[in-house]
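These notes are about the structure you will find just below.
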Ligand code: AMP
Ligand code: GLY
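In this note's numbering, the protein residues as written are 5 to 432.
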């Protein structure tokens, strides 16, 4: 079977890599893909925009590709699943109505409240004066969020009232475009974050291994927020007891509430949780897709063929699938970024050492790379590569990832040297 994968990040390279491990998958076509998907055996890129639904459906139908797996949230929020389904294609990823769970934080908040899902206290505003009055009664620290999709940048954790007021003004003055037509103001939660991604067919829910990512650019989890500078799985903070509670108190209630609203949600439901020191947790956000870079570590550990799970979600037969099989191992990924990211950075730097990193035992997922006209792999984004290691424990997995990344060079490459630091302190 052939599969079309939509997106161009490390997540999509990992999805294509995992799908191609199955003898049932002969080819993966990535739209638009990156330098990794351009050069991986069995994989090729199709240079279309991720919102060119017409172009994708035409290509899929002409080339006997029955299945489309969607990586990013933007095409899901634009209704890619609804559109391609009308053309007779099988699509992994929720319909547009379901993608609102990520595309509107206010909508997700109302859904959580209706479903009784534990989440931070919040209020929604459509103009600045009422929002500012509210923060004065609630006090800092407080969290200000643009309602819509802002590529992970629309959340400001304000330590002072002044910062919160500035954030409110910035959002209403259009810093995030129409994503900022309304603002969600939320109580500031303390604790450790964990990502629980679950597969669902709208009835049955199967959680994947829990993962944690490092969101800040600087070592010691300092500096600006990024899309994620590294990740690891299975996250020890998500104990079996916590996962059992997440299943009943978050995932099942959310899917049931979506069904109440007439939304048949099939795909990945990703719950971002804050876990307090006493083990209580609240939902920070939902995403309607696989996480990036969590997917790179989760899929490295998955033994069950991914296409079987994907088709079971689409065809609503997840309940009949055997329990998911996982490698008895730990996985860690370290992001190699362009110097300057998450601010301004240059592109087009030649990358060397990719084969050597693999020979050293690491799995190299490409994110912001491309194959240039002289067959070189060059940088093409902020987060460039996800160098992934597996091991019997986190110490080995992390060491493996760093052994790999030391082989890689490009001008102004930056990576954090402390991915998983909290785990190593716990293990030692
Ligand atoms: P979100 O996109 O809603 O997950 O927010 C992005 C990041 O902002 C999260 O991963 C947290 O690090 C932080 N954040 C969001 N909401 C809160 C909150 N209520 N309290 C503390 N931190 C938060
Ligand atoms: N790693 C966070 C996300 O995918 O949203």
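Ideal Cβ placement from N, Cα and C applies to all residues, glycine included.
Exercise. Which residue comes first and which comes last in the alpha helix (DSSP H) that contains residue 45?
Worked result: First-last for residue 45: undefined, no H or E at that position.
Exercise. For residue 262, which residues of its own chain have a beta-carbon under 6 Å away from its beta-carbon, when the five flanking residues on both sides are left out?
Worked result: 269
Problem set entry | C-alpha gap between residue 310 and residue 352, whole angstroms | 33 Å
Exercise. How is residue 209 classed by DSSP in three states: helix, strand or coil?
Worked result: strand
Problem set entry | Cβ contact (3+ pairs, closer than 8 Å) linking the region 230–249 and the region 296–311 | yes
Problem set entry | Helix, strand or coil at residue 170 [DSSP, three-state] | helix
For this session: Return helix, strand or coil for residue 406, following the three-state DSSP convention.
Result: helix
Problem set entry | Straight-line Cα distance separating residue 379 from residue 255 | 45 Å
Exercise. Just the residues with CB closer than 7 Å to a heavy atom of the ligand AMP, in chain order, which are they?
Worked result: 109, 124, 147, 149, 156, 159, 161, 190, 191, 192, 193, 197, 219, 229, 276, 278, 288, 289
For this session: Output the distance between the C-alpha atoms of residue 224 and residue 121, rounded to the nearest integer angstrom.
Result: 31 Å
Exercise. At least one CB of chain C closer than 8 Å to the CB of residue 350: is that the case?
Worked result: Among the chains in the structure shown there is no chain C, since it carries only a single protein chain.
Problem set entry | As assigned by DSSP and simplified to three states, the class of residue 36 | strand
Exercise. From residue 36 to residue 50, what distance separates their C-alpha atoms?
Worked result: 5 Å
Exercise. If you pair each beta-carbon of the region 321–331 with each one of the region 405–413, do three or more pairs fall below 8 Å?
Worked result: no
Exercise. In three-state DSSP terms, what is residue 83?
Worked result: coil
For this session: Answer yes or no: the CB of residue 225 versus the heavy atoms of the ligand GLY, is any distance below 7 Å?
Result: no
Exercise. How should residue 194 be labelled, buried or exposed, when 16 other C-beta atoms within 10 angstroms of its C-beta is the threshold for buried?
Worked result: exposed
Exercise. Using the rule of at least 16 other Cβ atoms within 10 Å of the residue's Cβ for burial, across every protein chain shown, is residue 421 buried or exposed?
Worked result: exposed
Exercise. The ligand GLY: which residues have Cβ under 5 Å from any of its heavy atoms, chain order?
Worked result: 217, 232, 295, 296
Exercise. Residue 68: buried (16+ other C-beta within 10 angstroms of its C-beta) or exposed?
Worked result: exposed
Exercise. From 275, 167, 163, 211, pick the residue whose C-alpha is nearest to that of residue 197; which is it?
Worked result: 275
For this session: Can you tell me which of 53, 45, 28 puts its alpha carbon nearest to the alpha carbon of residue 71?
Result: 28
Problem set entry | For residue 365 and residue 431, the rounded distance between their alpha carbons | At residue 431, the pLDDT of 48 sits below 50, so the modelled position is not reliable; the number obtained from the coordinates is stated separately. Near 23 Å, if we compare the C-alpha coordinates of residue 365 and residue 431.
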